[in-house]
Amino acid sequence: MLTEINQTAEFLRSKVTGEMPKTAIILGTGLGSLVDFMEDKQYIPYSEIPNMPVSTVEGHSGNLIFGSLGGKRVIAMQGRFHYYEGYNMKQVTFPVRVFKALGVDTLFVSNASGGMNKEFKVGDVMVITDHINLFPENPLRGKNYNELGTRFPAMIDAYDPQLIELADKIAEEKGLRLMHGVYVGTTGPTFETPAEYEYFRIIGGDAVGMSTVPEVIVARHASMRVFGVSVITDLGGKDIKDVPSHEEVQQAAVKAQPTVVSLITEVVKRS
Numbered sequence: 109m110l111t112e113i114n115q116t117a118e119f120l121r122s123k124v125t126g127e128m129p130k131t132a133i134i135l136g137t138g139l140g141s142l143v144d145f146m147e148d149k150q151y152i153p154y155s156e157i158p159n160m161p162v163s164t165v166e167g168h169s170g171n172l173i174f175g176s177l178g179g180k181r182v183i184a185m186q187g188r189f190h191y192y193e194g195y196n197m198k199q200v201t202f203p204v205r206v207f208k209a210l211g212v213d214t215l216f217v218s219n220a221s222g223g224m225n226k227e228f229k230v231g232d233v234m235v236i237t238d239h240i241n242l243f244p245e246n247p248l249r250g251k252n253y254n255e256l257g258t259r260f261p262a263m264i265d266a267y268d269p270q271l272i273e274l275a276d277k278i279a280e281e282k283g284l285r286l287m288h289g290v291y292v293g294t295t296g297p298t299f300e301t302p303a304e305y306e307y308f309r310i311i312g313g314d315a316v317g318m319s320t321v322p323e324v325i326v327a328r329h330a331s332m333r334v335f336g337v338s339v340i341t342d343l344g345g346k347d348i349k350d351v352p353s354h355e356e357v358q359q360a361a362v363k364a365q366p367t368v369v370s371l372i373t374e375v376v377k378r379s
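As numbered in this note's numbering, the sequence shown has no gaps in its residue numbers, which increase by one up to the final residue, 379.
Here is the structure:
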């Protein structure tokens, strides 16, 4: 794995012009257009990058983009990899390992998720304060490489408290409705049953999705700071009978884009 990480990082160094970013952003379903607000962009398709998987999900474009956002150099993943696509956890989290090898120290993650919190509305943006990992495999299972991180990394403050505080300050300044909550990570690709939504709520979850948790675990293993947001694209529970489609999830995520773009751009700028 170390050989593949270094090979991919070296390839990217040879292709990218300008200084290597310290900040990386993983863009979730319907949120890939954040790159429209980046400047001095350089696109590198996943298909051209050694050892990189290729996203198979509609709404995930499949490009690694280097450029500037909020006056800072960033790497943006326009399309991520999911466990439900058939990738193993090493493949799902491989880009995060490469980011660390390139010198990234802060990771921003975003996703579309279903809301269980009774205070949430479709289109709300939730800052992730913690997560519950319900994936059947941990991305750190197997041999630990000390070059990548400690064998038993702590997950206290997995989502950086200072970045969360900064986001709250920005939201207050801009008059943005910003929720807080715990993200539940599951395998998918099925949407949850009403009983499952209730179960996730009872165990402490506010929103549920099919990504993010593996990437955050690996980022924290690598001592990166992490800031995460979920766009609430549908609501679930025993009292809600609407069945969401992937298209509706994408549409709801697109509607929330102005808030997400404004928030992440400003946090990147000030962090």
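Ideal Cβ positions, reconstructed from N, Cα and C, are used throughout, including at glycine.
Subject >> Cβ-based neighbour list, residue 355, same chain, cut-off 8 Å, excluding 5 preceding and 5 following >> reply: none
Subject >> CB contact flag (residue 171, residue 194, <9 Å) >> reply: no
Original post:
Buried or exposed: where does residue 371 fall if 16 or more other Cβ atoms within 10 Å of its Cβ makes it buried?
Top reply: buried
Subject >> Nearest to residue 136 (by Cα), restricted to the options 379, 336, 373, 376 >> reply: 336
Original post:
How about residue 183 and residue 131: are their beta carbons less than 9 Å apart?
Top reply: yes
Subject >> Alpha carbon of residue 294 to alpha carbon of residue 243, nearest angstrom >> reply: 5 Å
Original post:
With contact counted as at least three CB pairs below 8 Å, one residue from each stretch, are the region 260-279 and the region 191-208 in contact?
Top reply: no
Original post:
Opposite residue 180 in the DSSP bridges: which residues?
Top reply: 177
**OP:** Taking the CB atoms as reference points, tell me whether residue 155 and residue 338 lie closer together than 9 Å.
**Re:** no
Original post:
Whose CA, out of 341, 241, 362, lies closest to the CA of residue 320?
Top reply: 241
Subject >> Option nearest residue 218 by Cα separation, candidates 340, 301, 345 >> reply: 340
Original post:
In this structure, does DSSP put residue 195 in helix, strand or coil?
Top reply: coil
Original post:
Near residue 297, which residues of its chain fall below 7 Å by C-beta distance, leaving aside the five closest residues on each side in sequence?
Top reply: 192, 318
Subject >> Test item: CB-CB of residue 234 and residue 314 under 9 Å >> reply: yes
Subject >> alpha helix (DSSP H) segment containing residue 326, residue limits >> reply: 321-329
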